[in-house]
Structure formats: C-alpha cells, structure tokens
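K.L.:
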Amino acid sequence: MLYGYAGWTLRIDLSRRQVEKEPLKPEWVDEFVGGRGFTSKILYDENPQGVEPFDPENRFVIAMGPLSGLFLPASGKTHFATKSPATGGYGDSNMGGHFGVNMKYAGYDIAILSGKAETPSYIFIDDDTVEIRPADQYWGKGSTEVEEALKKELGEDFQVLTIGPAGENRVNFACISHDFGRQAGRIGIGAVLGSKNIKAMAVRGTKSIPVFDPKGLLKKGKETYAACREKPGFEGWTPEGTAGITNWCNDVGALPTRNFQTSHCDYADQINGKAILKELKITDKGCFACPIPCGKYGRAKTKLGEVYVEGPEYETLSLIGSNCELSDVHAVAYANYICDELGLDTCSAGAVVAFALECCEKGLITTEDMGMDVKWGDLESVAHILKLISSRQGIGDILALGVKGAAEKIGGDSDKFAIHVKGLEWTGYESRNAPGMMLGYMTADVGAHHSRCWVLGSDVANAVGGNKDANVHDLISGGADFDRIPKADHRNVVPLVLKSQHLRPAFDILGTCRLQYMEIGLETEYYEELYYCATGKKLDFNTDLLTLSEKIWHLNRMYNKREIPDFGRKYDYPPPRFYEETIPNGPNKGHVMDFEVIEQMLDDYYAARGWDENGIPTRSTLEKHGLKL
Ligand code: SF4
Numbered sequence: 013m014l015y016g017y018a019g020w021t022l023r024i025d026l027s028r029r030q031v032e033k034e035p036l037k038p039e040w041v042d043e044f045v046g047g048r049g050f051t052s053k054i055l056y057d058e059n060p061q062g063v064e065p066f067d068p069e070n071r072f073v074i075a076m077g078p079l080s081g082l083f084l085p086a087s088g089k090t091h092f093a094t095k096s097p098a099t100g101g102y103g104d105s106n107m108g109g110h111f112g113v114n115m116k117y118a119g120y121d122i123a124i125l126s127g128k129a130e131t132p133s134y135i136f137i138d139d140d141t142v143e144i145r146p147a148d149q150y151w152g153k154g155s156t157e158v159e160e161a162l163k164k165e166l167g168e169d170f171q172v173l174t175i176g177p178a179g180e181n182r183v184n185f186a187c188i189s190h191d192f193g194r195q196a197g198r199i200g201i202g203a204v205l206g207s208k209n210i211k212a213m214a215v216r217g218t219k220s221i222p223v224f225d226p227k228g229l230l231k232k233g234k235e236t237y238a239a240c241r242e243k244p245g246f247e248g249w250t251p252e253g254t255a256g257i258t259n260w261c262n263d264v265g266a267l268p269t270r271n272f273q274t275s276h277c278d279y280a281d282q283i284n285g286k287a288i289l290k291e292l293k294i295t296d297k298g299c300f301a302c303p304i305p306c307g308k309y310g311r312a313k314t315k316l317g318e319v320y321v322e323g324p325e326y327e328t329l330s331l332i333g334s335n336c337e338l339s340d341v342h343a344v345a346y347a348n349y350i351c352d353e354l355g356l357d358t359c360s361a362g363a364v365v366a367f368a369l370e371c372c373e374k375g376l377i378t379t380e381d382m383g384m385d386v387k388w389g390d391l392e393s394v395a396h397i398l399k400l401i402s403s404r405q406g407i408g409d410i411l412a413l414g415v416k417g418a419a420e421k422i423g424g425d426s427d428k429f430a431i432h433v434k435g436l437e438w439t440g441y442e443s444r445n446a447p448g449m450m451l452g453y454m455t456a457d458v459g460a461h462h463s464r465c466w467v468l469g470s471d472v473a474n475a476v477g478g479n480k481d482a483n484v485h486d487l488i489s490g491g492a493d494f495d496r497i498p499k500a501d502h503r504n505v506v507p508l509v510l511k512s513q514h515l516r517p518a519f520d521i522l523g524t525c526r527l528q529y530m531e532i533g534l535e536t537e538y539y540e541e542l543y544y545c546a547t548g549k550k551l552d553f554n555t556d557l558l559t560l561s562e563k564i565w566h567l568n569r570m571y572n573k574r575e576i577p578d579f580g581r582k583y584d585y586p587p588p589r590f591y592e593e594t595i596p597n598g599p600n601k602g603h604v605m606d607f608e609v610i611e612q613m614l615d616d617y618y619a620a621r622g623w624d625e626n627g628i629p630t631r632s633t634l635e636k637h638g639l640k641l
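Heads up: the sequence shown runs through residues 13 to 641, numbered per the working numbering.
(1) In the DSSP output, what is residue 95 paired with across the bridge?
(2) Ignore the nearest five residues each way along the sequence and tell me which others in residue 134's own chain have a CB closer than 6 Å to its CB.
(3) If you draw a straight line from the alpha carbon of residue 5 to that of residue 55, how long is it in whole angstroms?
(4) Cβ atoms of residue 48 and residue 104: under 8 Å apart, would you say?
(5) Since residue 301 and residue 86 should fall inside the 8 Å C-beta cutoff, what is the C-beta to C-beta distance between them, to a whole number of angstroms?
(6) What does the alpha-carbon distance come out to for the pair residue 34 and residue 44?
(7) Strictly closer than 6 Å from CB to any heavy atom of the ligand NAP: give me those residues in the order they appear in the chain.
(8) What residues are listed by DSSP as bridge partners for residue 24?
(9) Just confirm the distance between the C-beta atoms of residue 347 and residue 338, as a whole number of angstroms; I'd bet it's less than 8 Å.
(10) Relative to the C-alpha of residue 76, which residue among 92, 401, 248 is closest?
(11) Would DSSP call residue 281 helix, strand or coil?
(12) Whole angstroms is fine: what's the gap from residue 415's alpha carbon to residue 431's?
(13) Can you list the beta strand (DSSP E) stretches of 3 or more residues lying completely in the stretch 538-615, in chain order?
(14) Since residue 610 and residue 585 should fall inside the 8 Å C-beta cutoff, what is the C-beta to C-beta distance between them, to a whole number of angstroms?
(15) Given residue 112, which residues of its chain have a CB within under 6 Å of its CB, disregarding the five upstream and five downstream residues?
(16) Return the first residue and the last residue of the beta strand (DSSP E) that residue 14 is part of.
(17) Taking the beta carbon of residue 294 as the centre, do at least 16 other beta carbons fall within 10 Å, making it buried, or is it exposed?
(18) What runs of the beta strand (DSSP E), each 3 residues or longer, lie entirely inside the stretch 173-225?
(19) Candidates 436, 26, 405: which alpha carbon is nearest residue 197's?
(20) CA-CA distance, residue 529 and residue 452?
(21) Within this structure, are the beta carbons of residue 560 and residue 539 separated by less than 8 Å?
(22) Is it buried or exposed for residue 254, if we count other Cβ within 10 angstroms and need 16 for buried?
(23) CA-CA distance, residue 500 and residue 628?
(24) Could you pull out every residue in the same chain whose Cβ sits closer than 7 Å to the Cβ of residue 29, ignoring the five residues on either side in sequence?
(25) Helix, strand or coil, according to DSSP, for residue 528 in the structure here?
(26) Tell me where the beta strand (DSSP E) around residue 295 begins and ends.
(27) Just to confirm before moving on: does the CB-CB distance between residue 184 and residue 98 stay below 8 Å?
(28) Leaving out five residues on either side along the sequence, give the residues of the same chain with a beta carbon under 8 Å from the beta carbon of residue 61.
(29) Assuming residue 203 and residue 179 are in contact, meaning their beta carbons sit under 8 Å apart, how far apart are those beta carbons, in whole angstroms?
(30) If we ignore side chains and look at the alpha-carbon of each, how far apart do residue 643 and residue 588 end up?
(31) Near residue 395, which residues of its chain fall below 8 Å by C-beta distance, leaving aside the five closest residues on each side in sequence?
(32) Taking residue 46 as the reference, which of 19, 70, 64 has the closest Cα?
(33) Please report the straight-line C-alpha distance between residue 189 and residue 172, rounded to a whole angstrom.
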C-alpha cells in the first residue's frame with residue numbers, strides 16, 4: 013500500500029482515443045516522491061528525444077504530491093510539465109485551486125497526455141470514467157466563459173481547467189486557467205494543451221486517499237493550521253498577499269519599470285496592495301485548504317468597461333503595471349482580466365507588451381504594423397497589443413513568440429532589451445544591483461522565473477550592510493532608508509542561491525504551496541510530521557528533501573542539454589540591458605552588472621554544483637546523485 017497516494021497513473025493517448033490506468037510505480041515514489049519529482053523523471057524518461065513542443069508526441073504531464081488533497085494547510089497545488097515552446101527545454105508550471113485535489117480523489121497521482129485529438133475536445137474525468145468529449149462549442153471562447161459553461165453543463169462539483177484563445181493559437185506564453193483566477197502561467201503550458209486540441213479538462217473525484225496514520229494526520233493538520241494563525245507573518249501578509257511587496261520593491265530599486273529601463277517609479281502607491289484593497293477588492297479568495305488566502309477578488313472600472321477579476325498580484329502589478337507604465341490599479345486589473353480571458357500568462361504578457369512598446373518607441377515597429385498609435389501607460393494600447401498577440405494578427409504573430417523569438421524576427425538592437433533567460437521572460441524583480449537574484453534567474457532550469465529562487469532580501473541587506481540572511485519582512489519593518497543603495501557585493505551569493513533553488517521547488521514535490529513557509533514562517537518540521545502521518549515514511553526536510561530537490565536540478569539540466577543542441581553557458585547569460593545600461597533613477601541609480609561579475613558568478617556556481625565550465629553536470633556529479641543517464 014502506497015500511503016499518501018491515490019495509487020494510479022492515468023495515460024491518455026489522444027490520437028488513438030485510448031485511456032489506460034496503471035498502478036503508480038513504487039520506484040517513482042521511492043526515488044522522486046511526487047509533483048515536480050514525478051514530472052522531471054517522466055519527461056526525461058518518456059518524452060521522445062528531440063520532439064518539438066507542438067508535436068503530438070510531446071508529453072503533457074500532470075502530477076500531484078503525497079500531501080496534495082489531504083486536509084493540511086494549502087495542499088491544493090497541481091504541477092504541470094512539458095517540453096516548453098518558450099525555451100525548447102524542460103518546462104513546468106504550478107497551479108493552486110482545487111483541480112489536482114480532485115484528480116487525486118478520482119484516483120490519480122499522475123496523468124500523462126500524448127498525441128493529439130482530431131477535433132477540439134475536452135477531457136472528462138469522473139472517478140473511473142474517463143472520456144474524450146467534443147468541445148467544438150467552446151473553441152474560440154474565453155477561459156472563464158468556458159469554465160462557467162462546463163460547470164453549468166456538468167455540475168458545480170466538477171473542477172475545470174481551460175485554455176483561452178491564446179492557447180488554441182499556440183502563443184508561446186499561453187497559460188492554463190482554473191477556479192476563475194488561478195493559473196498555471198509559465199513556459200507556454202497552455203499552448204501545448206492547445207496544440208493537442210484540448211480546450212479543457214473537468215474532473216470530479218469522490219474517493220478517499222489511504223493514509224498511514226489518519227488520527228495522527230488529523231491532529232497534526234489541526235496543529236499546523238493553528239500554528240499558521242499564530243505566526244507573526246499571518247496578520248501582516250494575508251490582507252494584501254503578494255501585492256504587499258510592491259512598495260518595498262520600488263523602495264529598493266527592484267520594480268521593473270518601462271521594460272526594465274529602470275527599477276523605480278513615482279506611482280507605486282497607486283498600484284500597490286493598499287490600492288487593491290481600497291479600489292478593487294470585494295473578497296479574499298484562496299486555494300484548497302489555505303489558511304492565508306492571498307487572492308483578492310474584485311471589480312475594476314475603466315473606460316474600456318467594468319470587469320470582475322482575481323488579482324492582480326505582485327507579478328502582474330509590476331510587469332503589466334509599472335513595466336508598461338500603467339499607473340492606475342483599475343487599468344492593471346482590467347489588463348489582468350483580458351489576459352485571464354485570452355489565456356495569457358500575465359508575467360510574460362506584461363514583458364512582451366513592454367518590449368513591443370519599446371520597439372515602437374525606437375521605430376522598430378511602426379504605427380502601421382501595430383494598427384494604432386500605442387503609448388506607454390495607456391490601457392487601450394496594452395489591451396490592443398494583448399488582443400493582437402492572442403489572435404496572432406499582424407505584428408501579434410511575431411510577438412506571440414515571446415521576446416526572444418520576436419527580437420530574432422524584428423532585429424535592430426531589440427535583442428538588447430528583450431528581457432529573458434533561455435526564452436522565458438524575466439519576472440518582477442529588476443536585478444542589476446541584486447547579484448544573487450540575477451544568478452538565480454540566470455541558472456533556473458525553466459528560464460527567468462522567481463519560483464525557483466528568491467534572494468532579493470539578502471541582496472539588499474548585503475548591499476546596505478545588514479544581515480545577509482535577513483528576510484524581506486525584517487527589512488520592510490526595519491524601515492531602512494533606501495535613498496541610495498551602495499553597489500551589492502557579488503561574492504558569497506552562490507550558497508544562498510543554491511539553498512533557495514533547492515528550497516523553493518521542494519514544496520512542488522510535496523504538492524503544497526510554499527507561501528506558508530516562505531511568507532509566514534511555518535517551520536519545516538510541520539511538513540516532516542505531516543508527511544510521516546500521511547505516508548508512514550520519514551523524510552528529513554533539510555537533508556532528504558533538499559537532496560532530492562538538488563538531484564532534480566541536475567536531471568532537468570541534463571534534459572535541457574539533451575534537447576537543445578548547443579545548450580551550455582551562453583544560455584545562462586542575462587539580457588544585455590543588465591550589463592550594458594546603467595539604471596537611470598531611483599536608489600540604484602548608476603548601477604549596472606559587470607559582465608566579469610556575471611562570468612565569475614557562473615564559474616563559482618558551476619563549481620559548487622559539480623558542473624563543468626560550460627555548465628554541464630559532470631559524470632561524477634550525476635553518479636553521486638544516482639542518475640544513470
Ligand atoms: Fe493559494 Fe495563495 Fe494560499 Fe498559496 S497562499 S495556497 S497561492 S491562496
């Protein structure tokens with residue numbers, strides 16, 4: 013008996029319309045535990061070498077973790093992975109809500125989709141009944157509209173994920189949407205589902221999950237909820253959620269502004285968490301079993317219309333807000349709504365719109381190309397560009413490739429301000445004076461994504477002479493004066509980056525949200541005890557789990573090496589803007605990252621990881637982690 017697991021892997025061959033169920037492999041559980049561990053293993057082992065992201069044979073993997081679906085704080089995360097159209101390498105994305113929980117209650121820890129449905133379809137899962145059903149009537153429609161319609165058709169107790177028109181049109185940063193505002197946003201995961209002609213999945217699960225010690229789990233679960241409520245971060249973090257960090261990022265010169273031309277704006281107060289509470293919020297909204305609901309569901313009113321939308325959270329505020337110079341929280345929320353309906357990742361969408369606006373500013377894209385005179389800070393312009401991208405009309409067809417692909421087509425010097433790593437757009441932390449943060453972005457397996465590493469607080473503390481381990485809340489409450497931040501020291505950032513790169517994705521293995529640990533300080537011991545009650549196995553968080561997290565890091569690096577012909581060091585470089593242009597204003601004015609520092613950090617990082625000078629894991633490193641590749 014595999015306690016803590018539903019026990020089955022679901023395989024759906026869309027081309028042959030075949031559904032198979034096989035027992036969950038105990039060796040996968042023993043070696044990779046769950047979630048991100050499963051997806052990395054399966055993609056390496058089962059995805060055909062060299063398969064194109066939109067080839068029907070590209071696998072689309074959904075995996076839950078051993079803690080998913082148990083009544084534990086925030087155990088509602090679902091992990092998705094596929095070969096990314098944005099990077100051509102390993103890609104994954106994570107989503108809250110209630111979808112994965114129901115997959116597990118239906119009996120499945122893993123679902124692997126292969127092939128391509130002949131016509132637009134959706135996947136229907138009701139415990140043991142799994143069907144590929146027609147979805148012609150939903151094709152072309154918005155994400156929320158389809159979710160609502162499917163719930164009406166099937167019943168409110170079905171949990172639905174959808175793609176929008178952007179996914180159908182294979183936009184490289186199309187997302188998956190669920191629960192009227194939750195997304196698996198990154199790496200073009202929605203475009204791969206669209207390439208398989210899958211518009212949606214609907215699942216209802218009613219079975220139970222066997223656990224090793226039910227009474228102990230209930231007791232520990234209750235204790236964990238109580239502990240969350242008692243944490244000092246609980247009161248401070250929950251009301252605004254991630255949006256609460258906006259002003260701090262602006263104060264420390266890390267808020268992407270005007271396509272990362274700078275890192276500070278003078279209107280952060282108008283697009284921060286408090287502005288959301290005052291102007292938009294109707295209610296808090298959270299994922300399954302979450303004690304600190306960070307979603308803020310609200311109403312935005314603009315000249316383009318009035319909409320209901322969840323968010324925006326920090327990444328959207330920074331990348332669609334200040335990065336496109338939208339200085340009104342209603343406008344940012346409205347653009348957020350458009351992205352959600354069209355099925356676009358707000359991080360990449362904001363980065364691509366800002367890139368397009370700068371191309372227009374520099375004459376690389378004309379008004380004629382664009383179809384209107386677009387301007388920074390103008391909601392109409394942002395909405396226009398988003399719709400061009402989603403429908404792939406005109407210049408939108410090029411922008412749909414993401415900033416890397418678009419820069420290759422547009423030419424000029426646009427590659428210098430295409431802000432990405434490996435083809436994935438950089439998220440909401442400008443890092444020219446944050447060497448640890450920059451190194452984390454540079455070396456992440458999926459491209460420039462903060463979900464893999466966040467050490468900005470340490471970078472700032474290091475620069476201003478504070479404790480290098482200080483967390484962001486200490487710095488905020490410390491009220492330090494950030495009028496001028498000295499140049500940060502890049503030495504000694506590697507251990508912090510490695511620690512963060514192993515820690516943050518560890519929660520994606522267990523199937524829980526990381527924010528209870530990261531933001532309010534829930535101790536790792538709770539996870540160890542919950543894991544024991546669920547599975548009957550001991551798991552030391554700081555040794556066993558982080559070692560597995562490290563092993564996955566090597567495995568995904570090898571996947572990228574296998575799939576990208578010239579993969580190596582050059583794929584880890586940041587965009588030229590960060591080492592060629594100084595920051596023009598704000599507390600980091602005058603700072604730029606030296607290219608020699610970038611090289612030095614990579615040398616140190618590769619050495620610490622056991623990779624060669626081109627960034628490839630050595631044979632002995634792979635052997636040390638039991639990877640026979
Ligand atoms: Fe979901 Fe936010 Fe709760 Fe995490 S903290 S489980 S993202 S509502």
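Built from N, CA and C at the ideal position, the CB exists for glycine as well.
P.N.:
Once the coordinates are examined:
(1) Counting from 1 along the sequence shown, the entry for residue 95 is found at position 83. According to DSSP, residue 95 bridges with 102.
(2) Stepping through the sequence shown from its first residue, residue 134 is reached at position 122. Within its own chain, the residues whose Cβ lies closer than 6 Å to the Cβ of residue 134, once the five positions on either side in sequence are excluded, are 145, 147, 211, 212, listed in chain order.
(3) One cannot answer for residue 5 here, as it falls past the ends of the chain, which runs 13 to 641.
(4) Here residue 104 is taken as the residue at index 92 of the sequence shown, counted from 1. Here residue 48 is taken as the residue at index 36 of the sequence shown, counted from 1. Going by beta carbons, residue 104 and residue 48 fall inside the 8 Å limit.
(5) If you number the sequence shown from 1, residue 301 lands on position 289. If you number the sequence shown from 1, residue 86 lands on position 74. Cβ-Cβ separation between residue 301 and residue 86: approximately 6 Å, consistent with a contact (criterion under 8 Å).
(6) By one-based count along the sequence shown, residue 34 stands at place 22. By one-based count along the sequence shown, residue 44 stands at place 32. Rounded to whole angstroms, residue 34 to residue 44 spans 18 Å at the Cα level.
(7) The ligand NAP is absent from the structure shown, which contains only the ligand SF4.
(8) Locating residue 24 in the sequence shown gives position 12, where the first residue counts as 1. In DSSP, residue 24 forms a bridge with 31, 125.
(9) Working through the sequence shown from its first residue, we reach residue 347 at position 335. Working through the sequence shown from its first residue, we reach residue 338 at position 326. Residue 347 to residue 338, Cβ: 7 Å. Contact.
(10) The sequence position of residue 76 within the sequence shown is 64, counting from 1. Ranked by how close their Cα comes to the Cα of residue 76, the residues 92, 401, 248 have 92 in first place.
(11) Sequence index remark: in the sequence shown, residue 281 carries index 269 (1-based). Helix, per DSSP.
(12) Numbered from 1 along the sequence shown, position 403 holds the residue referred to as residue 415. Numbered from 1 along the sequence shown, position 419 holds the residue referred to as residue 431. The alpha-carbon atoms of residue 415 and residue 431 are separated by roughly 7 Å.
(13) Counting only runs of 3 or more, we get nothing.
(14) Taking the sequence shown and counting its residues from 1, the one referred to as residue 610 is at position 598. Taking the sequence shown and counting its residues from 1, the one referred to as residue 585 is at position 573. Between residue 585 and residue 610 the Cβ distance is about 7 Å, and since that is below 8 Å, they are a contact.
(15) Along the sequence shown, read from residue 1 onward, the residue named residue 112 stands at position 100. 76, 80, 90.
(16) One-based indexing of the sequence shown puts residue 14 at position 2. For residue 14, there is no enclosing beta strand (DSSP E), as DSSP marks it with neither H nor E.
(17) Counting from 1 along the sequence shown, the entry for residue 294 is found at position 282. Counting Cβ neighbours within 10 Å, residue 294 comes out exposed, since fewer than 16 surround it.
(18) Within the stretch 173-225, the complete beta strand (DSSP E) segments of 3 residues or longer fall at 188-190, 194-196, 210-216, listed in chain order.
(19) By one-based count along the sequence shown, residue 197 stands at place 185. Checking every option, the nearest Cα to that of residue 197 belongs to 436.
(20) Your numbering for residue 529 matches position 517 in the sequence shown. Your numbering for residue 452 matches position 440 in the sequence shown. Those two C-alpha atoms are separated by around 19 Å.
(21) For this step, residue 560 is matched to residue 548 along the sequence shown. For this step, residue 539 is matched to residue 527 along the sequence shown. Judged by beta-carbon spacing, residue 539 lies beyond the 8 Å limit of residue 560, meaning their Cβ atoms are not closer than that value.
(22) For the purposes of this step, residue 254 is identified with residue 242 of the sequence shown, where counting begins at 1. A residue is called buried once 16 or more other Cβ atoms fall within 10 Å of its Cβ, and residue 254 is buried on that count.
(23) Position 488 of the sequence shown, counted from the first residue, corresponds to residue 500. Position 616 of the sequence shown, counted from the first residue, corresponds to residue 628. Rounded to whole angstroms, the gap between the alpha carbons of residue 500 and residue 628 is 28 Å.
(24) Residue numbering aside, residue 29 sits at position 17 when the sequence shown is read from its first letter. Excluding residues within five positions, the ones whose Cβ falls inside 7 Å are 144.
(25) Here residue 528 is taken as the residue at index 516 of the sequence shown, counted from 1. Secondary structure of residue 528 (DSSP, three-state): helix.
(26) Translated into the one-based positions of the sequence shown, residue 295 becomes position 283. Residues 293-297.
(27) One-based indexing of the sequence shown puts residue 184 at position 172. One-based indexing of the sequence shown puts residue 98 at position 86. For residue 184 and residue 98, yes; Cβs fall inside 8 Å.
(28) As a first step, residue 61 is located in the sequence shown; it is residue number 49 there, counting from the start. Sequence-distant partners of residue 61 (beyond 5 residues in either direction) whose C-beta falls short of 8 Å from its own C-beta, in its chain, are 574, 575.
(29) Here residue 203 corresponds to residue number 191 of the sequence shown, with the count starting at 1. Here residue 179 corresponds to residue number 167 of the sequence shown, with the count starting at 1. That belief holds up - the Cβ atoms of residue 203 and residue 179 are roughly 6 Å apart, short of 8 Å.
(30) With the chain represented from 13 up to 641, any question about residue 643 goes unanswered, as that position is not in the structure.
(31) As a first step, residue 395 must be located in the sequence shown, where it is residue number 383. Cβ within range, chain order: 316, 346, 347, 350.
(32) For the purposes of this step, residue 46 is identified with residue 34 of the sequence shown, where counting begins at 1. With distances taken between CA atoms, residue 46 lies nearest to 19 out of 19, 70, 64.
(33) Within the sequence shown, the letter at position 177 stands for residue 189. Within the sequence shown, the letter at position 160 stands for residue 172. Taking the straight line joining both Cα atoms gives about 9 Å.
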